[in-house]
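*Asks:*
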Amino acid sequence: MPVRRTTGTRIRPPHRRAALAAAPLLLAGTALLAGPEAQAVPEAPAPTAPAPRCSAPYRIDQTLDGGTVWRMCWHYEGHAGLVLDDVSYQPKGEPAPIKVLTSAKLAQIHVPYDDGKNEYDDLTGQDFAQGLQKLDPAECPGGTIKTVKVPGAWDPAHPNVSGLCATTRARGHAYRKGPYPGEDAPTYQLQGKDLLLYTVNKVGWYEYITEWRFSGDGTMTLQVGATGTVSPSDYDAGDGRGMPIGKGAKDYATSHSHNVFWRLNFGLDGSSANKVEQFDSATTTRPGGRTATIRTTRTPVTRELAGDAGPMRWWRVVSDRGRNKDGHPRSFEIVPGRSSKYTGRSYTQHDIYVTDYNTCEQFASNNLANCGAHAGRSVDTWVNGQPLKHPIAWVNIGFHHIARDEDQEPMPVHWQGFQLVPRDVTAMNPLTPPALSGHNGHYG
């Protein structure tokens with residue numbers, strides 16, 4: 004059992020506290036009382052009907068190029084910030100929405116500094132949600148900025164924050180298929196758009212842009228971008244644990260990590276009893292210089308898991324009830340982005356955790372409640388090998404920030420995140436043009 008880590012011993016350095024206190028105008032409009040319509044959608048059991056269960060201000064309904072419709076609800080939590088509920092996906096030609104996620108949210112932003120002096124849990128220890136920023140209309144081109152209610156508001160006199168942007172943004176090529184040499188055929192291509200939802204949360208000198216992108220082919224992109232300012236109180240890395248960003252060899256900014264966790268409660272086809280599978284591919288060298296062979300094995304994940312990504316390893320969450328028109332079980336693959344793994348804490352030593360649902364388990368580290376007599380307050384302590392009946396996926400993506408001159412000022416956004424990619428949700432590409440609709444399987 005990993006070592007339990009408790010809360011309450013964390014030191015908040017003066018520069019973070021002072022930064023928040025010195026900027027009341029930036030945060031004054033962020034504090035609201037949560038209205039009844041903004042409360043979390045119950046997670047267990049998952050609904051059988053995929054339609055969103057929220058009032059109009061908290062509902063997202065967007066049709067994209069190619070006819071795909073994304074539907075979901077949203078609410079705002081006092082620590083996690085933006086939470087998406089009842090996320091469904093309806094490609095063109097599907098008779099009803101396909102439920103994907105019961106809920107999805109950030110589960111922690113863990114920030115340890117390389118010199119070992121400072122360490123933060125930005126969601127549960129540094130008032131991430133309270134730092135919701137008001138968005139200027141220019142930040143949400145072509146979209147709508149929605150009013151957000153923040154539970155536990157710092158300033159109840161200013162209860163409304165225009166803090167959630169819902170818009171569409173150009174994706175580029177969704178696909179392209181040109182003619183073969185000598186073939187008299189058209190070129191098929193589609194310039195796609197994504198549904199984009201995002202908030203900006205200020206924590207000390209940093210500002211986090213939390214993006215949720217939904218594409219016409221069913222792909223979801225979840226990422227966090229860090230921007231703002233290099234902490235002026237951390238120019239103390241002359242010990243070799245940072246880089247100089249002032250003139251000459253001076254003003255060493257201390258290097259640090261951003262370990263971002265997401266919590267995903269899948270509800271494929273309206274069921275919480277989804278299955279998890281791990282795929283591993285191995286190369287076998289053949290004698291005589293012949294082309295190597297690759298064999299892929301699929302392993303059902305029937306018990307709680309602490310897993311590590313590899314060059315040829317991946318996971319998918321599979322529906323226990325839904326199949327596409329070819330009769331294949333619907334699933335979504337978890338595709339991690341580039342990650343710099345931080346091994347200084349037990350809970351950051353793995354790329355993915357799968358636990359069985361427990362309403363107490365909400366944050367990957369510095370969890371606000373102790374979930375049982377023998378469990379700690381971090382996700383690694385909840386992986387006890389028990390059978391998976393209602394799997395919850397926790398994804399950990401790390402970024403090691405070594406400052407550079409270009410980080411001044413303001414700091415360019417650096418992104419970290421992952422994708423959820425549909426596997427066999429539809430029998431073909433949901434954006435397939437009508438002229439190619441017969442090209443399913445071996446059509447030649």
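What the sequence shown shows, in our numbering, is residues 4 to 447, in sequence order.
Where is the CB? At the ideal position from N, CA and C, for every residue including glycine.
Remember, predicted model here, so these are calculated numbers, not experimental data.
Under 8 Å by Cβ, that's how I've got residue 382 and residue 358 pegged, so tell me the actual separation to the nearest angstrom.
*Replies:* As a working note, residue 382 is residue 379 in the sequence shown. As a working note, residue 358 is residue 355 in the sequence shown. Confirmed, about 7 Å.
*Asks:* If you run the structure through DSSP and keep just helix, strand and coil, what is residue 382?
*Replies:* Along the sequence shown, read from residue 1 onward, the residue named residue 382 stands at position 379. Residue 382 falls in the helix class under three-state DSSP.
*Asks:* Residue 102: buried (16+ other C-beta within 10 angstroms of its C-beta) or exposed?
*Replies:* In the sequence shown, residue 102 corresponds to position 99, counting from 1. Label assigned to residue 102: buried.
*Asks:* Am I right that residue 259 and residue 117 are in contact with their C-beta atoms under 8 Å? What's the rounded C-beta distance?
*Replies:* Numbered from 1 along the sequence shown, position 256 holds the residue referred to as residue 259. Numbered from 1 along the sequence shown, position 114 holds the residue referred to as residue 117. The Cβ separation is near 6 Å, so the contact holds.
*Asks:* Taking 8 Å as the threshold, find out whether the region 432-443 comes into contact with the region 219-232 through three or more Cβ pairs.
*Replies:* Because the criterion of three Cβ pairs below 8 Å is met, the region 432-443 and the region 219-232 touch.
*Asks:* Just checking my contact of residue 398 with residue 200 at CB under 8 Å: how many whole Å lie between their CB atoms?
*Replies:* For the purposes of this step, residue 398 is identified with residue 395 of the sequence shown, where counting begins at 1. For the purposes of this step, residue 200 is identified with residue 197 of the sequence shown, where counting begins at 1. In fact, because the Cβ distance is near 18 Å, the residues do not count as touching under 8 Å.
*Asks:* Are the Cβ atoms of residue 204 and residue 134 separated by less than 9 Å?
*Replies:* Indexing the sequence shown from 1 puts residue 204 at position 201. Indexing the sequence shown from 1 puts residue 134 at position 131. Going by C-beta atoms, residue 204 is nearer than 9 Å to residue 134.
*Asks:* Are at least three pairs of beta-carbons, each pair with one atom in the region 62-71 and one in the region 83-94, less than 8 Å apart?
*Replies:* Enough Cβ pairs lie closer than 8 Å, so yes.
*Asks:* Give every residue of the same chain whose Cβ lies closer than 6 Å to the Cβ of residue 231, excluding the five residues on either side of it in the sequence, and list them in chain order.
*Replies:* As a first step, residue 231 is located in the sequence shown; it is residue number 228 there, counting from the start. For residue 231, where only same-chain residues beyond five positions count, the Cβ hits under 6 Å are 208, 209, 210 and 414.
*Asks:* Which one or two residues does DSSP pair with residue 353 in a beta bridge?
*Replies:* Residue numbering aside, residue 353 sits at position 350 when the sequence shown is read from its first letter. Residue 353 is not bridged to any residue.
*Asks:* Look at the alpha carbon of residue 307 and the alpha carbon of residue 394, and state the distance between them as a whole number of angstroms.
*Replies:* Position 304 of the sequence shown, counted from the start, is the residue given in the question as residue 307. Position 391 of the sequence shown, counted from the start, is the residue given in the question as residue 394. Computed Cα separation, rounded: 8 Å.
*Asks:* My parser needs the beta strand (DSSP E) runs of 3 or more residues fully inside the region 94-150; what are they?
*Replies:* Those beta strand (DSSP E) runs which fall completely within the region 94-150 and span 3+ residues are 101-115 and 122-124.
*Asks:* Do you know whose CA, among 313, 290, 282 and 248, lies nearest residue 412's CA?
*Replies:* Here residue 412 refers to the residue found at position 409 of the sequence shown. Among 313, 290, 282 and 248, the Cα nearest to that of residue 412 is on 248.
*Asks:* In angstroms with no decimal places, state the Cα-to-Cα distance between residue 7 and residue 371.
*Replies:* Along the sequence shown, read from residue 1 onward, the residue named residue 7 stands at position 4. Along the sequence shown, read from residue 1 onward, the residue named residue 371 stands at position 368. Low confidence applies to residue 7: its pLDDT is 28, below 50, so where it sits in the model is not reliable, and the reading given next is rough at best. Cα-Cα distance, rounded: 14 Å.
*Asks:* Can you tell which of 317, 322, 353 and 77 has its C-alpha closest to the C-alpha of residue 456?
*Replies:* Summary: the structure shown does not reach residue 456, with the chain confined to residues 4 through 447, and so no result is reported for it.
*Asks:* To the nearest angstrom, how far is it from the Cα of residue 360 to the Cα of residue 275?
*Replies:* Here residue 360 corresponds to residue number 357 of the sequence shown, with the count starting at 1. Here residue 275 corresponds to residue number 272 of the sequence shown, with the count starting at 1. Going from the Cα of residue 360 to the Cα of residue 275 covers about 9 Å.
*Asks:* Excluding the five sequence neighbours on either side, which residues of its own chain have a C-beta within less than 8 Å of the C-beta of residue 175, listed in chain order?
*Replies:* Here residue 175 refers to the residue found at position 172 of the sequence shown. Taken in chain order, the residues that qualify are 194 and 195.
*Asks:* By the 10 Å Cβ neighbour count, where 16 or more other Cβ atoms means buried, how is residue 416 classified, buried or exposed?
*Replies:* Residue 416 sits at position 413 when you count from the first residue of the sequence shown. So residue 416 ends up on the exposed side.
*Asks:* If I'm right that residue 287 touches residue 296 with Cβ under 8 Å, what's the distance once you round it to whole angstroms?
*Replies:* Residue mapping note: residue 287 aligns to position 284 of the sequence shown, counting from 1. Residue mapping note: residue 296 aligns to position 293 of the sequence shown, counting from 1. Confirmed, Cβ separation roughly 5 Å.
*Asks:* What does a CB cutoff of less than 6 Å around residue 28 pick up in its chain, not counting 5 residues either side in sequence?
*Replies:* Reading the sequence shown from its first residue, position 25 is the one you call residue 28. Only weak support exists for where residue 28 lies, its pLDDT of 28 falling under 50; the value from the coordinates is given anyway. Around residue 28: no qualifying Cβ.
*Asks:* State buried or exposed for residue 439, treating a residue as buried only when at least 16 other CB atoms are found within 10 Å of its CB.
*Replies:* Taking the first residue of the sequence shown as 1, we reach residue 439 at position 436. Exposed, by the Cβ-count rule.
*Asks:* Looking at the secondary structure, which residues open and close the beta strand (DSSP E) in which residue 315 lies?
*Replies:* Position 312 of the sequence shown, counting from 1, holds the residue named residue 315. Here residue 315 belongs to no beta strand (DSSP E), and DSSP marks it neither H nor E.
*Asks:* Using DSSP with H/G/I as helix, E/B as strand and the rest coil, what is residue 186?
*Replies:* Numbered from its first residue, the sequence shown carries residue 186 at position 183. Coil, per DSSP.
*Asks:* Please name the residue or residues paired with residue 177 in a DSSP beta bridge.
*Replies:* Taking the sequence shown and counting its residues from 1, the one referred to as residue 177 is at position 174. Paired residue(s): none; residue 177 is not in a bridge.
*Asks:* So, helix, strand or coil for residue 59, using DSSP?
*Replies:* Taking the sequence shown and counting its residues from 1, the one referred to as residue 59 is at position 56. It is helical.
*Asks:* Out of 179, 126, 198 and 197, point me to the one whose CA is closest to residue 190's CA.
*Replies:* In the sequence shown, counting from the first residue as 1, residue 190 sits at position 187. It is 179.
*Asks:* Would you please state the rounded distance, in angstroms, between the beta carbons of residue 334 and residue 348? I believe it to be under 8 Å.
*Replies:* In the sequence shown, counting from the first residue as 1, residue 334 sits at position 331. In the sequence shown, counting from the first residue as 1, residue 348 sits at position 345. Actually they are not in contact, since the Cβ atoms of residue 334 and residue 348 sit about 31 Å apart, beyond 8 Å.
*Asks:* What residues in its chain sit with their C-beta under 7 Å from that of residue 428, if we drop five residues either side in the sequence?
*Replies:* By one-based count along the sequence shown, residue 428 stands at place 425. So the qualifying residues of the chain are 101, 221, 327 and 333.
*Asks:* Relative to the alpha-carbon of residue 95, which residue among 105, 72 and 281 has its alpha-carbon at the smallest distance?
*Replies:* As a position in the sequence shown, residue 95 is number 92, starting the count at 1. The shortest C-alpha separation from residue 95 is found at 72.
*Asks:* Using a Cβ-Cβ cut-off of 8 Å (strictly less than) and excluding sequence neighbours within five positions of residue 445, which residues of its own chain qualify?
*Replies:* For this step, residue 445 is matched to residue 442 along the sequence shown. So the list is empty, once near-sequence residues are dropped.
*Asks:* Using only CA atoms, which one of 114, 325 and 188 lies nearest to residue 270?
*Replies:* For the purposes of this step, residue 270 is taken as residue 267 along the sequence shown, with counting starting at 1. Answer by Cα proximity: 325.
*Asks:* Please report the straight-line C-alpha distance between residue 82 and residue 127, rounded to a whole angstrom.
*Replies:* Taking the first residue of the sequence shown as position 1, residue 82 is located at position 79. Taking the first residue of the sequence shown as position 1, residue 127 is located at position 124. Roughly 6 Å separates the two Cα atoms.
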